[in-house]
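Colleague: All residue numbers for the sequence shown refer to my numbering, where the first residue is 2 and numbers rise by one.
Submitted below is the structure of interest, expressed as structure tokens.
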Amino acid sequence: MGTVNDVSSSSSSSSIGLDVDDGAKNASVLVGGDKIKAKVKNGDVNSSPVIDEDKNKIKPQATPVSNEDKNNILPKATIAYAVSLTSCSANFITDGAAVLKHSIRLSSYPHSKKSSYGYKMVVFVHPDALSCIEPFKKLDYEIHIKETPIEVSKIRGQFLREHVYKTGCCGEKEFLKLYSWTLVDFPIVVHLDLDSLILQPFDDLYDSMLLDGDAKALSERKLPVMHDKPVPDKIEAFFTRDYNMANLGKEYVNVQGGFLVVRPNLQYFEEFKEAIYEGDFVPSAGWKGKYGGYFGGQQIQGLCAYFFDGLHPRTAVELNRCIYNQMNDKPKKGKGNKEFCLDNKETCEDCRETDISEVKSVHFTLCQKPWICPLYILGQTLCKEFHTKWFLIREDMENQLGNKRNKNLNTVDFHNDVFRGYCKGSGGRNYEAIDINSL
């Protein structure tokens with residue numbers, strides 16, 4: 002399988018900041034200290050989709066990429082950023098796919114001066130979702146049409162066989178995410194949900210996985226490792242956990258399924274499949290009676306906990322969820338008259354108090370989706386900042402496409418400092434969707 006280098010990159014210490022004037026009429030996205038205002042001509046792929054030989058993949062035909070922004074220095078590597086499309090039932094798929102891609106572009110080589118890694122967008126598409134892949138074609142995603150990697154009827158464990166297809170976000174179709182481990186033409190694959198946003202490059206993660214010697218050691222010292230656990234010599238994956246989904250006192254907490262940074266590995270892919278086919282899942286307790294008991298436990302969230310805590314311990318790194326995959330979640334839960342840390346520690350960090358400048362990526366779960374124009378986030382400092390970032394990055398994307406949407410700021414008056422004129426009121430009906438024909 003060939004790859005297409007839509008060269009751009011990610012680095013650890015650059016940031017995307019906000020520059021909004023007092024009247025909230027003009028704004029620029031700051032990338033590595035530079036205001037991005039004009040259309041960037043370097044590093045983009047001009048393409049039309051073509052069918053690959055194996056008929057399972059549509060890939061764009063790319064023109065050569067100019068690297069003059071980096072004095073003709075090539076990126077260290079191209080990272081695959083993947084998403085999965087299981088159906089067409091979700092609202093505003095185009096908006097999620099477009100803004101996520103642009104946020105990755107801004108944090109990637111050569112558009113970010115503090116990044117050394119290029120990027121390529123990939124989407125795994127279930128056949129049930131073929132009718133809504135047009136936005137991904139227009140956005141130059143490499144399209145992989147994939148059936149679910151397992152057949153539910155062949156799962157040997159009765160409970161899992163009878164329940165996995167009707168629980169979680171999307172039943173057994175969520176296992177499409179496992180195809181991330183098959184993209185062996187890329188050194189690293191980052192699988193994200195479409196309601197995610199990248200604010201800063203991930204170079205420290207990539208360097209820790211790919212470099213050797215002193216360079217590797219230096220990058221590892223920068224990693225925000227949860228609970229300061231030791232880093233394995235060879236890192237197979239990075240993830241965060243969703244402590245709010247697990248019961249208080251749970252020993253093996255679920256992996257948050259919307260953020261996976263993995264080293265492709267065909268053996269791991271087959272092991273994941275065999276674990277599913279074995280189907281050793283205990284109701285309310287999880288895989289092997291340990292890894293589950295929460296939303297998504299039968300799918301990726303529980304399966305990855307079983308895989309990296311049980312089958313392959315000390316091969317992956319849990320990252321600080323206040324920095325990566327930030328959801329603005331609370332750290333404690335009450336029991337009786339006392340509150341306890343959800344991670345079972347004596348003290349715990351409150352992600353709601355994290356400074357936005359430290360956040361590398363955002364996941365719009367508790368803060369709700371930008372395209373529903375939620376009013377309640379205006380009273381939550383970090384959620385408000387997340388939404389402001391999303392709308393500014395959307396605005397920057399459209400400006401670079403030649404769609405000067407700032408004019409909405411003169412005709413719409415609904416918290417324009419946050420929603421940038423794209424919301425006429427609260428709720429999805431008041432959101433101005435991205436025009437697919439403008440992409």
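Note that CB positions come from ideal geometry on N, CA and C, so glycine has one too.
Bear in mind that the values here come from a model prediction, so they are computed numbers and not experimental data.
For the structure I just gave you, are there three or more beta carbon pairs, one from the region 356-370 and one from the region 318-326, closer than 8 Å?
Modeller: Judged by Cβ distances under 8 Å, the region 356-370 makes contact with the region 318-326, as three or more pairs qualify.
Colleague: Among all the DSSP beta bridges, which residues are the ones paired with Met-441?
Modeller: Outside the modelled stretch of the chain, which goes from 2 to 440, sits residue 441, for which no answer is possible.
Colleague: Cβ of Phe-93 within 8 Å of Cβ of Ala-434?
Modeller: A contact, by the Cβ cut-off of 8 Å.
Colleague: Three or more C-beta pairs under 8 Å: does that hold for the region 302-316 against the region 216-224?
Modeller: Flag = no, the region 302-316 and the region 216-224 do not touch.
Colleague: What are the partner residues of Tyr-432, as DSSP defines its beta bridges?
Modeller: DSSP output for Tyr-432 lists Cys-424 as bridge partner(s).
Colleague: Sorted by chain position, which residues of the same chain lie with C-beta nearer than 8 Å to Tyr-166's C-beta, five sequence neighbours on each side aside?
Modeller: Within the same chain, Tyr-166 has close Cβ partners Val-153, Gly-172 and Glu-173.
Colleague: Report the three-state DSSP secondary structure of Lys-339 (helix, strand or coil).
Modeller: In this structure, Lys-339 counts as strand in the three-state DSSP scheme.
Colleague: Kindly indicate which residue of Leu-402, Thr-149, Val-413 and Thr-355 has the alpha-carbon position closest to the one of Phe-387.
Modeller: Here the closest residue by C-alpha is Thr-355.
Colleague: Would you kindly check if the distance between the Cβ of Lys-102 and the Cβ of Leu-140 is under 8 Å?
Modeller: Yes. Within cutoff.
Colleague: Asn-438 by DSSP, collapsed to three states: which one?
Modeller: Correct three-state label for Asn-438: helix.
Colleague: What are the complete beta strand (DSSP E) segments, minimum 3 residues, inside the region 278-333?
Modeller: Segments of the beta strand (DSSP E) lying fully in the region 278-333: 317-319.
Colleague: What alpha helix (DSSP H) runs, 4 residues minimum, are completely inside the region 203-246?
Modeller: Correct list: 204-211 and 214-222.
Colleague: If we count the other Cβ atoms within 10 Å of its Cβ and call it buried at 16 or more, is Thr-79 buried or exposed?
Modeller: Burial call: buried.
Colleague: From this set, Ile-236, Gly-429, Ile-144 and Val-419, which residue's C-alpha is nearest Glu-319's C-alpha?
Modeller: With distances taken between Cα atoms, Glu-319 lies closest to Ile-236.
Colleague: Does DSSP put His-145 in a helix, in a strand, or in coil?
Modeller: Reduced to three states, the DSSP call for His-145 is strand.
Colleague: Output the boundary residues of the alpha helix (DSSP H) element that contains His-416.
Modeller: First-last for His-416: undefined, no H or E at that position.
Colleague: To the nearest angstrom, how far is the alpha carbon of Thr-348 from that of Tyr-253?
Modeller: Each residue's alpha carbon lies about 18 Å from the other.
Colleague: Name the two residues that bound the continuous beta strand (DSSP E) containing His-192.
Modeller: Where His-192 is concerned, the enclosing beta strand (DSSP E) stretches over 190-193.
Colleague: Considering only C-alpha positions, which residue in the set Ser-104, Gly-297 and Gly-97 is nearest to Gln-201?
Modeller: That would be Ser-104, whose Cα lies nearest to the Cα of Gln-201.
Colleague: Would you kindly work out how many angstroms separate the C-alpha atoms of Asp-215 and Ser-209, rounded to a whole number?
Modeller: Their backbone Cα atoms lie some 10 Å apart in a straight line.
Colleague: Have a look at Gly-290, His-313, Phe-137 and Glu-350 and flag the residue whose alpha-carbon is nearest the alpha-carbon of Leu-195.
Modeller: It is Phe-137.
Colleague: Taking Cβ to Cβ, would you say Cys-384 is nearer than 8 Å to Ser-427?
Modeller: Not closer than 8 Å, so no.
Colleague: Could you spell out where the alpha helix (DSSP H) holding Phe-1 opens and where it closes?
Modeller: Residue 1 cannot be examined here, being either before or after the span of the chain that is shown, 2 to 440.
Colleague: Pairing CB atoms from the region 237-246 with CB atoms from the region 257-264, are three or more of them under 8 Å?
Modeller: They touch, by the three-pair rule.
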